[in-house]
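Quick notes on the structure that follows.
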Amino acid sequence: MWGGNTVTKDEEKAEVLNAFFASVFNSKTSCSLGNQLPELEGRKQNEAPIIQGETVSDLLHHLNMHRSVGPDRIHPRLLRELAEVPTESLSIIYQQSWLTREVPADWRLANVIPIHKNSWKEDPGNYRPVSLTLVSGKVMEQIILSAVTRYVQDNQVIRPSQYGFMKGRSCLTNLIFYGKVTQLVDEVKAVNVDYLDFSKTLDTI
Numbered sequence: 109m110w111g112g113n114t115v116t117k118d119e120e121k122a123e124v125l126n127a128f129f130a131s132v133f134n135s136k137t138s139c140s141l142g143n144q145l146p147e148l149e150g151r152k153q154n155e156a157p158i159i160q161g162e163t164v165s166d167l168l169h170h171l172n173m174h175r176s177v178g179p180d181r182i183h184p185r186l187l188r189e190l191a192e193v194p195t196e197s198l199s200i201i202y203q204q205s206w207l208t209r210e211v212p213a214d215w216r217l218a219n220v221i222p223i224h225k226n227s228w229k230e231d232p233g234n235y236r237p238v239s240l241t242l243v244s245g246k247v248m249e250q251i252i253l254s255a256v257t258r259y260v261q262d263n264q265v266i267r268p269s270q271y272g273f274m275k276g277r278s279c280l281t282n283l284i285f286y287g288k289v290t291q292l293v294d295e296v297k298a299v300n301v302d303y304l305d306f307s308k309t310l311d312t313i
């Protein structure tokens with residue numbers, strides 16, 4: 109249902125969901141990294157990494173063949189079993205993309221799948237968009253993630269108190285930490301923990 113009207117055709121449903129997702133999407137940010145992270149000023153910046161063909165080949169050989177395809181319809185199984193064929197070309201594209209800070213236009217495309225979260229299914233606000241991007245683009249994301257992770261670890265950019273989105277920190281380690289908190293409470297000691305949650309975070313990116 110959208111604007112008080114009930115839609116029944118698949119194309120109309122797609123238009124309704126697209127309109128809602130576009131309405132909550134935020135293409136700009138109001139914060140400045142320069143203001144938020146002053147401690148990064150003066151840090152030595154790493155040079156652009158050399159993206160080796162061996163690295164790309166290894167990532168292609170370890171692709172999950174059960175993942176969905178993107179708009180180009182190239183299945184991960186094809187890239188995995190024929191990894192030697194696109195390795196050199198992809199290595200060049202990845203390297204140039206990093207150096208020029210530009211992403212190929214096709215890699216910005218995605219098939220958006222609406223996933224029902226909870227409550228009333230007729231309300232488009234109860235769906236979360238999942239973007240199925242190109243497999244080749246996802247490989248580049250892994251290369252970037254590896255380089256960024258290595259940089260923040262080597263330069264201690266992220267404080268040890270940071271928990272969310274950190275490798276090796278899960279619900280299990282959170283429960284272990286909670287056990288320590290309850291122990292401190294039993295000992296009548298002060299404990300300060302900040303848990304943050306943002307409404308519709310995944311809908312806005």
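Quick note: the numbering used here has the sequence shown finishing at residue 313, numbered continuously throughout.
Yeah, the Cβ is synthetic: ideal placement off N, Cα and C, and Gly gets one too.
Treat the numbers as computed from the prediction; the structure is a model and nothing was measured.
- Apart from sequence neighbours up to five positions away, the residues of its chain that approach ARG277 with a beta-carbon distance below 8 Å are TYR271, ordered along the chain.
- Counting the other CB atoms within 10 Å of its CB gives TRP228 a total below 16, which places it among the exposed residues.
- If you check the CB distance, VAL220 and PHE133 do not come in under 8 Å.
- Between the alpha carbons of ASP231 and SER239 lies a gap of roughly 20 Å.
- Nearest in C-alpha terms to SER197, of all of ILE284, THR163, HIS170 and ARG258, is THR163.
- Of all C-beta pairs linking the region 181-201 to the region 242-249, three or more are shorter than 8 Å, placing the two stretches in contact.
- Around the beta carbon of ILE251, 16 or more other beta carbons lie within 10 angstroms, which makes this residue buried.
- Shown here, ASN300 sits in coil according to DSSP, grouped into three states, outside any helix or strand.
- Remark: C-beta atoms of SER205 and MET248 approach each other more closely than 8 Å.
- Straight across, the Cα-Cα distance linking ASN172 with GLU189 is about 11 Å.
- Contact between LEU125 and TYR235 holds: CB atoms are separated by about 6 Å, below the 8 Å threshold.
- About 5 Å separates the CB atoms of THR195 and GLY161; that is less than 8 Å, so the two are in contact.
- Taking C-beta atoms under 8 Å as the contact rule, PRO157 and ALA218 fail to qualify, at a distance of about 26 Å.
- Under the three-state reduction of DSSP output, ASN234 falls in the helix class.
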